[in-house]
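With this note's numbering applied, the sequence shown covers 25 to 504. Think of the CB as a built atom: it goes at the ideal place given N, C-alpha and C, for glycine as much as any other residue. No experiment lies behind these values; they were computed from the predicted model shown. Inspection log for the structure reproduced underneath, given as structure tokens.
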Amino acid sequence: MDRILNYIEGKLLEPASGKFLENFNPAMGAPYSTLPDSDSSDVTKAVDAAHSAFPAWSAMPLSKRTSILLKIADLIDRDLDKLALAESIDQGKPLKLAKSVDIPRASANMRFYATASMHMNSESHLMEGEAINYTTRTPIGVAGCISPWNLPLYLFTWKIAPALAAGCTVVAKPSELTPMTAFMFSKLCIEAGLPAGVLNIVHGLGNKVGQAIVEHRGVSAISFTGGTVTGKTIAATAAPMFKKLSLELGGKNPNLIFADCDFENAVSTSIQSSFSNQGEICLCGSRILVERGIYEKFVNEFVKRTKELTVGDPLEEKTRVGALVSEGHMNKVLSYIDLAKQEGGEVLCGGKRVTLLGRCANGYFVEPTVIVGLDQQCRTNQEEIFGPVVTIMPFDTEEEAVAYANSNAYGLSATIWTDNLKRAHRVAHQVKSGIIWVNCWLLRDLRTPFGGMKQSGVGREGGWEALRFFTEAKNICIRI
Ligand code: NDP
């Protein structure tokens, strides 16, 4: 079995406890590697290493810092096939998706922030005849970056790239369920010549390692992506210490489909936004709201295409829906399908675990599932399922569609489908979500602010927002 190790002070190390956890291949339902069961002593070692590395890294000429980060991006590209295969095995996602989305985006994250830091400028404000203000932004210190299992290397690099580019040193924790590509990434950092201690990766359980990072007084900022419940625990721990916090949390995203839309585009993209990565993307649309005039036509076509999706071995080319990340998560998703039935929902397709033949016979597969007949307030429509399960509901007016979209505690993203430009603007302004896509989905420009409203999070990532997050602003006012 492969053995994953921590990356602390530039070295690959066993955890202090000497204990390891099993790491599962979800498509086979079997362990295939081990990862460190680290604890607070490993975190302390990592924080100490990050503090020692901070003065030199933060003072390093920008061009040198940039070239190291660009080298890491190049190495990710070089190892695209290896990393994609590892991601697919570790997470359960189709290999095709890991190759075309996850790993290319990881190198794009590194490259984007490596170069962005060279263009960051400071503001100055002239008070006519009186004074000039100028604002400096210096790296905040040691940053804690905690990422989830759904897009492992993609979201891991989405945090550490801006932190490192801003001049911070980092203690990071990938999800215990998907640690493999972060381990491979640590080897690439060594190969690229990243100085020891600049990035430290501590593997292990969230409530041990994650909690220890959040609690450590030597960590000045926490950038977290994960579930809303975990986000609340982190906020409660970090807030009394006045740590800077960026929280990217869950979603229950609506797709608003108006009768005047490009029907083919709306259906085919909604299939993607529902079932890509087994529905395990925080931006997946899980509540599909369709104007009554095309409701029946839409439901029929959507169900037909859902049935055509191939659930299968993630390593096979034809597979569109792979395995869910863990047995626990699969059971959670199945329990929501049961709940939907209890709440009066009608399952039009899917609804069950899939048992495959051959090497994936014990894998955690669930049929893509479409449910109708539920009201907006039921738990199925209010809580995040984070799996291949969508509900479809009709609406009669634009006002009703907006009210339905907003009748949820989350506010991460929404898609709007209409060919009426005025309506597109009007509805986009009224829907309370941090990210709105009109006639598209998951079209990402890394310069744009990324994050959610309400229970979907605090703060924004992306563009300058993330670079600024990892800095401390200081205003200097000089009387003229
Ligand atoms: P979790 O909240 O369970 O875990 C996220 C990370 O936090 C993991 O590394 C986890 O470790 C760690 N963690 C768990 N408990 C603590 C703690 N007490 N202190 C510090 N860290 C802790 O989320 P999932 O991994 O289950 O990810 C799915 C969730 O992430 C969904 O709700 C999804 O919507 C959300 N998400 C949000 C995105 C956004 O941009 N808004 C993007 C992607 C996902 P471990 O795994 O070892 O428990």
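Of all the options the options, which has the alpha carbon lying nearest to the alpha carbon of residue i?
i, options, result
"Val291", "Asn301, Arg316, Glu325, Gly275", "Glu325"
"Leu339", "Asn49, Ser91, Gly34", "Asn49"
"Tyr31", "Lys456, Met52, Ala74", "Ala74"
"Ala196", "Ala70, Gln296, Arg344", "Ala70"
"Ser91", "Thr68, Glu111, Met142, Ser124", "Met142"
"Ile502", "Phe78, Ile156, Thr293, Ala97", "Ile156"
"Asn301", "Thr68, Pro118, Asp98", "Pro118"
"Asn432", "Gly34, Gly274, Val327", "Gly274"
"Glu351", "Gly34, Ile28, Glu33, Ala54", "Ala54"
"Ile237", "Asn47, Val253, Ser62", "Ser62"
"Phe524", "Ala130, Glu320, Met208, Thr439", "Because residue 524 is not part of the residues shown, which for the chain are 25 to 504, the question remains open."
"Asp337", "Arg311, Ala283, Ile361, Thr379", "Thr379"
"Ile281", "Glu315, Glu272, Arg311", "Glu315"
"Pro412", "Lys478, Gly387, Tyr360", "Tyr360"
"Ala220", "Ser210, Lys456, Lys88", "Ser210"
"Lys35", "Asp469, Gln400, Ile214, Ser244", "Ile214"
"Val226", "Ser171, Ile504, Arg241, Trp182", "Ser171"
"Arg447", "Glu422, Gly309, Ile312, Leu467", "Glu422"
"Asp362", "Ser124, Ile395, Leu467", "Ile395"
"Ser41", "Leu86, Trp441, Gly228", "Gly228"
"Tyr178", "Thr257, Ile258, Ala216, Ala97", "Ala97"
"Met417", "Leu470, Glu320, Asn444", "Glu320"
"Ser297", "Ala283, Asp126, Ile312", "Ile312"
"Ile127", "Pro85, Trp182, Tyr158", "Trp182"
If we ignore side chains and look at the alpha-carbon of each, how far apart do residue i and residue j end up?
i, j, result
"Thr330", "Lys43", "43 angstroms"
"Val371", "Gln454", "31 angstroms"
"Val335", "Phe389", "7 angstroms"
"Lys342", "Ala122", "14 angstroms"
"Arg344", "Pro278", "22 angstroms"
"Ala427", "Glu46", "45 angstroms"
"Phe287", "Ser57", "46 angstroms"
"Ile318", "Phe136", "41 angstroms"
"Ala452", "Thr415", "21 angstroms"
"Gly303", "Ile184", "25 angstroms"
"Arg377", "Met354", "8 angstroms"
"Ser64", "Leu333", "44 angstroms"
"Ala364", "His449", "33 angstroms"
"Gly168", "Phe322", "45 angstroms"
"Ser146", "Ile500", "11 angstroms"
"Pro264", "Gln479", "20 angstroms"
"Asp66", "Leu223", "14 angstroms"
"Pro176", "Asn463", "28 angstroms"
"Val349", "Gly116", "6 angstroms"
"Leu107", "Asp420", "47 angstroms"
"Gly346", "Arg383", "13 angstroms"
"Leu358", "Ile164", "43 angstroms"
"Asn174", "Ser199", "9 angstroms"
"Glu424", "Asp114", "42 angstroms"
"Asp469", "Trp461", "12 angstroms"
"Arg89", "Ala138", "8 angstroms"
"Ala438", "Asn133", "23 angstroms"
"Ala260", "Gly476", "19 angstroms"
"Cys534", "Ile440", "Coverage of the chain is limited to positions 25 through 504, which leaves residue 534 absent and any answer about it impossible."
"Leu467", "Tyr158", "36 angstroms"
Excluding the 5 residues preceding and the 5 following residue i in the sequence, name in chain order all residues of the same chain whose CB lies nearer than 7 angstroms to its CB.
i, result
"Ala140", "Ala189, Leu491"
"Glu38", "Leu29, Pro60"
"Gly430", "The displayed chain sequence assigns Asn, not Gly, to residue 430. For Asn430, where only same-chain residues beyond five positions count, the Cβ hits under 7 angstroms are Val455, Lys456."
"Pro387", "Per the sequence shown, residue 387 should be read as Gly rather than Pro. Once the five neighbours on either side are set aside, the close Cβ partners of Gly387 are Pro50, Ala51, Met52, Gly53, Ala347, Leu380."
"Gly375", "Ile361, Glu391, Thr393"
Leaving out five residues before and five after residue i in sequence, what residues of the same chain have Cβ atoms less than 8 angstroms from its Cβ?
i, result
"Pro473", "Gly458, Arg484, Glu485, Gly486, Gly487, Glu489"
"Gly397", "Gly368, Gly369, Glu370"
"Thr162", "Ser82, Gly191, Thr495, Glu496, Lys498"
"Gln401", "Ser431"
"Lys268", "Ile164, Ser244, Ala245, Ile246, Phe493"
Against chain D, does residue i count as a neighbour if the rule is that its beta carbon must be under 8 angstroms from one of theirs?
i, result
"Lys276", "The question asks about chain D, but that chain is absent: this structure has only one protein chain."
Leaving aside the five residues before and after residue i along the sequence, list all residues of the same chain whose C-beta is less than 6 angstroms from its C-beta, in chain order.
i, result
"Lys498", "Thr160"
"Leu271", "Phe248, Gly255, Gly481, Val482"
"Leu506", "Summary: the structure shown does not reach residue 506, with the chain confined to residues 25 through 504, and so no result is reported for it."
"Thr293", "Trp465"
"Arg471", "Gly487"
Within 7 angstroms: the Cβ of residue i and any heavy atom of the ligand COA?
i, result
"Val291", "This structure does not include the ligand COA; its bound ligands are the ligand NDP."
Quiz item: How do the segment 99-108 and the segment 149-156 stand: do at least 3 beta-carbon pairs fall below 8 angstroms, yes or no?
Solution: In short, these stretches do not touch, since the Cβ pair count stays below three.
Check your understanding: Is the segment 203-211 close to the segment 230-246, with three or more CB pairs under 8 angstroms?
Key -> Because the criterion of three Cβ pairs below 8 angstroms is not met, the segment 203-211 and the segment 230-246 do not touch.
- prompt: Within the chosen definition, does the segment 243-252 reach the segment 77-93 through at least 3 CB pairs nearer than 8 angstroms?
  reply: Segments in contact, no.
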